[in-house]
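According to numbering that gives the first Met the number 0, the sequence shown is numbered sequentially starting from 0.
Idealized CB from N, CA, C, for every residue including glycine.
Notes to accompany the following structure.
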Amino acid sequence: MKRWIPYMKADPMVAVIRLQGAIGMGGRGALSDQTLAPIIEKAFRRGKPVAVALEINSPGGSPVQSALIGARIRRLAEEKGIPVYAFVEDVAASGGYWLACAADEVYADHSSIVGSIGVISAGFGANVFLARQGVERRVHTAGKSKSFMDPFQPEKEEDVARLKRMLDQIHVNFISHVKERRGEKLADHPDLFAGEIWVGEGAKDVGLIDGIGHIVPMMKEKFGDKVKFRRYEKGRGLLQRFGMSMAQDALSAVEERAEFARFGL
0 MKRWIPYMKA DPMVAVIRLQ GAIGMGGRGA LSDQTLAPII EKAFRRGKPV AVALEINSPG
60 GSPVQSALIG ARIRRLAEEK GIPVYAFVED VAASGGYWLA CAADEVYADH SSIVGSIGVI
120 SAGFGANVFL ARQGVERRVH TAGKSKSFMD PFQPEKEEDV ARLKRMLDQI HVNFISHVKE
180 RRGEKLADHP DLFAGEIWVG EGAKDVGLID GIGHIVPMMK EKFGDKVKFR RYEKGRGLLQ
240 RFGMSMAQDA LSAVEERAEF ARFGL
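Spelled out as structure tokens, the structure:
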């Protein structure tokens, strides 16, 4: 009502973006730049927020989607001159921590899991199983690298070396991003970029977060007791509302559950 009354100052408003789940897993529930773009845009542009808060609960996922989402948040924050605060719930690991670094300040719970600044590639090899079942794998390519890391063929040393080079480059990009965003806050710890994870105060000690804190009390501390919150998060499609999700979503849910399970969640 206050905004319609001339000369009456409105209460400060914080836009809250919820970033829940694995990143870029492919299902409709996954976090991706495409699905989050309209939500992030609204959060920064609607109602003149004094700040944007990110509620993060993500075990990571696609490095590219993490980078795209984080870059969008930073572009809008700089364009609008709006500070960004991240609040970690259960976990902000790997790509989830990349998203947290889009904020100017990062806070977590005493028991939040933070970090995992590394890159992983995992899969299965089925060539022995196929051979035992009498199944012959036939592959024909134009280009010697087209069958790179084929799970139905024996693993090749040159393929593993090539994959390692790719993972190392992505790891370098991740490290550069964290150093750019966290700067001198980071401690000189030998395991900081080795894929290690920290809990609560431990994450603060190595500079991955700025402190222990929850969204409502921290925003009240910074903007006053009258601060209001406007929440933005991904909506569910019509089929999902009625429980009629497709097989792809079911598979993505299993993949996401596995990602959280890596951190005991």
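Taking C-beta atoms as the reference points, residue 12 and residue 46 count as a pair closer than 9 Å.
Out of 96, 44 and 182, the CA that lies nearest to the CA of residue 77 is found in 44. Residue 188 holds the alpha-carbon nearest to the alpha-carbon of residue 203 among 221, 193 and 188.
By the Cβ neighbour-count rule, residue 228 is exposed, with fewer than 16 other Cβ atoms within 10 Å of its own. Note on geometry: alpha-carbon atoms of residue 199 and residue 231 lie some 26 Å from one another.
Secondary structure note for residue 119: it is in no alpha helix (DSSP H), with a DSSP letter that is neither H nor E. Non-local C-beta neighbours of residue 115 in its own chain, meaning closer than 7 Å and more than five positions away in sequence, comprise 59, 92, 93, 96, 194 and 196, ordered along the chain. Put simply, of 167, 50, 90 and 190 the residue whose alpha carbon is nearest the alpha carbon of residue 10 is 50. Of the other Cβ atoms in all chains shown, fewer than 16 fall within 10 Å of the Cβ of residue 40; this residue is therefore exposed. Residue state for residue 47 is assigned as coil, using DSSP reduced to three classes.
Within the model, the alpha-carbon separation for residue 113 versus residue 207 is close to 7 Å. In this structure, residue 38 and residue 30 do not form a Cβ contact; the two beta carbons are roughly 10 Å apart against a cut-off of 8 Å. Contact check for residue 176 against residue 106 fails: the beta carbons are separated by 9 Å or more. DSSP, reduced to helix, strand and coil, places residue 69 within a helical segment of the structure shown. A residue is called buried once 16 or more other Cβ atoms fall within 10 Å of its Cβ, and residue 165, having fewer, is exposed. For residue 215, the CB contacts under 8 Å within the same chain, skipping 5 residues up- and downstream, are 228 in chain order.
Excluding the 5 residues flanking it on each side, residue 42 has same chain C-beta neighbours closer than 6 Å at 14, 16, 51 and 231, in chain order.
In the assembly as shown, residue 72 is a buried residue. Its beta-carbon has 16 or more other beta-carbons within 10 Å. Residue ranges of uninterrupted alpha helix (DSSP H) with 4 or more members, entirely inside the region 185–232 and ordered along the chain, are 200–204 and 214–222. Looking at the DSSP output, residue 57 bridges to 91. Bridge partners of residue 17 according to DSSP: 54. Residues of the same chain with a CB within less than 7 Å of the CB of residue 102, apart from the 5 flanking positions on each side, are 53, 83, 84 and 85 in chain order. Your pair residue 111 and residue 87 checks out as a contact, with CB atoms roughly 4 Å apart and the cut at 8 Å. Only exposed fits residue 134, as fewer than 16 other CB atoms lie within 10 angstroms of its CB. For residue 79, same chain residues with a beta-carbon under 7 Å away, outside a window of 5 residues either side, are 43 in chain order.
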